[in-house]
Each structure stands twice: as structure tokens, then as C-alpha cells.
Amino acid sequence: MESEGYDKLIEVNSITASYDDLGEGFSPIIFIHGFPFSKSMWQPQVDFLKKTHHVIAYDIRGFGRSTSEVIRTASMELYAEDLIALMDGLHIEKAIVCGFSMGGYILLNALHRFPERFSGVILADTQCIADSQEAKENRNKTIEDIQENGLKSFAEKFILKLFCEASLKHKKEIVKSIKNQILNTSQDSIIGGLKAMANRSDTSASLIEIDVPTLIICGKEDVLTPVEQSKFLEKNIEKSSLHILKKAGHLSNLEQPDHFNKIILDFIENLPHLSTIKLYGNENLEMIPALENSEIDS
Numbered sequence: 081m082e083s084e085g086y087d088k089l090i091e092v093n094s095i096t097a098s099y100d101d102l103g104e105g106f107s108p109i110i111f112i113h114g115f116p117f118s119k120s121m122w123q124p125q126v127d128f129l130k131k132t133h134h135v136i137a138y139d140i141r142g143f144g145r146s147t148s149e150v151i152r153t154a155s156m157e158l159y160a161e162d163l164i165a166l167m168d169g170l171h172i173e174k175a176i177v178c179g180f181s182m183g184g185y186i187l188l189n190a191l192h193r194f195p196e197r198f199s200g201v202i203l204a205d206t207q208c209i210a211d212s213q214e215a216k217e218n219r220n221k222t223i224e225d226i227q228e229n230g231l232k233s234f235a236e237k238f239i240l241k242l243f244c245e246a247s248l249k250h251k252k253e254i255v256k257s258i259k260n261q262i263l264n265t266s267q268d269s270i271i272g273g274l275k276a277m278a279n280r281s282d283t284s285a286s287l288i289e290i291d292v293p294t295l296i297i298c299g300k301e302d303v304l305t306p307v308e309q310s311k312f313l314e315k316n317i318e319k320s321s322l323h324i325l326k327k328a329g330h331l332s333n334l335e336q337p338d339h340f341n342k343i344i345l346d347f348i349e350n351l352p353h354l355s356t357i358k359l360y361g362n363e364n365l366e367m368i369p370a371l372e373n374s375e376i377d378s
């Protein structure tokens, strides 16, 4: 995209980070994409929120248009430091941050180390547990497969785990777009991301420390980060609510974007520091009532 606000660049933490920065508002909403995608996975959310809020979506190092620093090994700690460095570079003291899947791992890591930087948290299709030994072995096998057969084979297999059956059949343009994001990512960055996830720390014990309003969203048919993991997050984070989207797999924000967007907007507008501020600016915007621990049909 060449439009103003898209694909902006900033030097942070020894890399050049690419980010979209649109709209205006008192508290920015920052989106962290998952593995192995780019900030473009958030387009439905950016398009929806930019009219009324300040929205930022950025590419993790090595993904999308962001560069990587090959001397340093990728890790959740490093990815989290990149997030804080981006916020520093953009002069953002506090933000509402949404992390999807691996982006959720990054967010949980950052929350534990830099809790003062967050005014609200959105955890989408993610979990707090570390990889089991079996999961680590599977990631190592995936790395070997990529090294031997390239990304095409990996993408074709992985895409089947990302969407529910209905989406694979009826939302082929979205499936194709996600597949292209995978194929357009460098092999080294994907391998680095796999290693980072395999070596990530368990953040279960730190959930009790989270002291900001937290929204948890999960696709009911998510096989990569099942609903049970989201229920565990909701049970252990005091100020949290869980929303389960029917007819959605792992990529719930793309499979059910309208419901996903409305849940996020409802959460944002009901945060304590925004509760007295009217920011909609769109008379035709259809709102949904506040929801807690709900299942939403399509």
C-alpha cells in the first residue's frame, strides 16, 4: 500500500521495523501478528478501527517488511523488547495491545517484564504454556522439512490447521492471502520463529500478576491453540473475559471479522480510562451489548 499511514519505517532495536499507523485517539491500539504472517493479517481490524481510534499494526522482525538482525537469535524476549522499543520510538507511554497466537506469546512476555506499558490487553487464539517435549520435536521436524523441501510444502500443510473446515471451503480468497503471506516470508525468519516458539518460557505463573483489563478471544474450532487454553487464561487472569467465536478456527479475526471487531470495540470503549469519552463518530455503526464469557455464532 502506498497510502499515507501504511508501511512506515522506524529504526528500533537494531532493525528497521515496518508499521501501519492510522487514526487518532487517546490510547493507541497496537496489533501483533502471529506466526508466520505479517501485519496485513490485521487489515479487517485496522480498516474497522481507524475511523474512530488510533491503530498501529507492525511487522515482527524478519516478517513482512521488517528487517532481521541475523547476529541475534530470535526469542520471545527479543520480540518483546522490539515491541517496547517500537513504543519508545513512537513516544507511546502506554497502549492497548492485541497479540494473536505467537503475538500473544510476545505480549505475555512483555506484560511480565514491562507491565507499566499496558492499559489493556487482548489475547487472541493464544496460550501461556510452553512447548511440551513432543511439540518441540515436531517443530524441529518442521524445520528439517523446510530445509529439505522449502516453504511450499510447509505452507500447504500448515494452512489446513489455520482455518476451520467451513472457511477452507467458502473463504478461499482469505486462505490464499494467508498462504501468500507464508510464502513471502524468508525461510530463515520462519525457522527463527519456530525456534523461538520451541524455546519460549511458560508464562502460566505470571498470569496472576496481570492487573489490566484483558479480553480473550478464541475460535471454537481452533486446533492449534484450543479453547481449553483460552479458558485457562480467563480463569487465571483476574480482570478478564472470554469470547468464543463459532465457525472459526485459529484465524478467528479473519474467519469472523465482524464479530471479532465488535467484541474488540466493545472492550476498548468500556475500558475505565475511555468510559466517559464518546469516540464512535459513526452514526451507522452497529454496536453489540457488553459480553462476558460468551459464545458468538456467525
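Residue numbers (this note's numbering): 81 to 378. Note that CB positions come from ideal geometry on N, CA and C, so glycine has one too. Bear in mind the structure is a predicted one, so any value in this text is a computation, not a measurement.
| Nearest to V100 by alpha carbon, out of E91, S94, I110? | For clarity, residue 100 is Asp in the given sequence; the question names Val instead. Taking the Cα of D100 as reference, the smallest distance to any Cα among E91, S94, I110 is reached at I110.
| request: Using alpha carbons as the reference points, say which of A204, I176, L102 lies closest to Q336. | output: Distance from the Cα of Q336 is smallest, within the candidate group A204, I176, L102, for A204.
| Ordered along the chain, which non-local residues of its own chain (more than five positions away) have a Cβ less than 7 Å from that of T96? | So the qualifying residues of the chain are L89, S146, T147.
| query | Taking the DSSP output, what are the residues bridged to G200? | reply | Answer is I176.
| If you draw a straight line from the C-alpha of G114 to the C-alpha of H250, how long is it? | Their backbone Cα atoms lie some 23 Å apart in a straight line.
| query | Ordered along the chain, which non-local residues of its own chain (more than five positions away) have a Cβ less than 6 Å from that of D139? | reply | Cβ within range, chain order: S98, S118, K119, R145, S146.
| task | Under 6 Å Cβ to Cβ from V135, same chain only, skipping five residues before and after it: list those, please. | result | Closer than 6 Å at the Cβ level, and outside the excluded window around V135, lie L102, G103, I109, V126, L129.
| said: Less than 8 Å between the C-beta atoms of F198 and L188, yes or no? | reply: Not a contact, by the Cβ cut-off of 8 Å.
| message | As a quick exercise: from L313, K327, V255, L304, pick the residue whose alpha carbon is nearest that of I296. | response | When the alpha-carbon of I296 is set against those of L313, K327, V255, L304, the nearest one is in L313.
| task | Identify whether Y86 lies in helix, strand or coil by the three-state DSSP scheme. | result | In the structure shown, the three-state DSSP call for Y86 is coil.
| query | What span of residues does the beta strand (DSSP E) with D346 cover, start to end? | reply | Careful: D346 lies outside any beta strand (DSSP E), inside the alpha helix (DSSP H) at 337-349.
| said: Based on DSSP bridge pairs, tell me the residues matched to G299. | reply: As DSSP reads the structure, G299 sits in a beta bridge with L325.
| query | How about R193 and A160: do their beta carbons lie closer than 8 Å? | reply | A contact, by the Cβ cut-off of 8 Å.
| query | In angstroms, rounded to a whole number, what distance separates the CA positions of I172 and S181? | reply | Rounded to the nearest whole angstrom, the C-alpha separation of I172 and S181 is 23 Å.
| query | When DSSP builds the beta bridges, which residues end up paired with Y185? | reply | For Y185, DSSP assigns no beta-bridge partner whatsoever.
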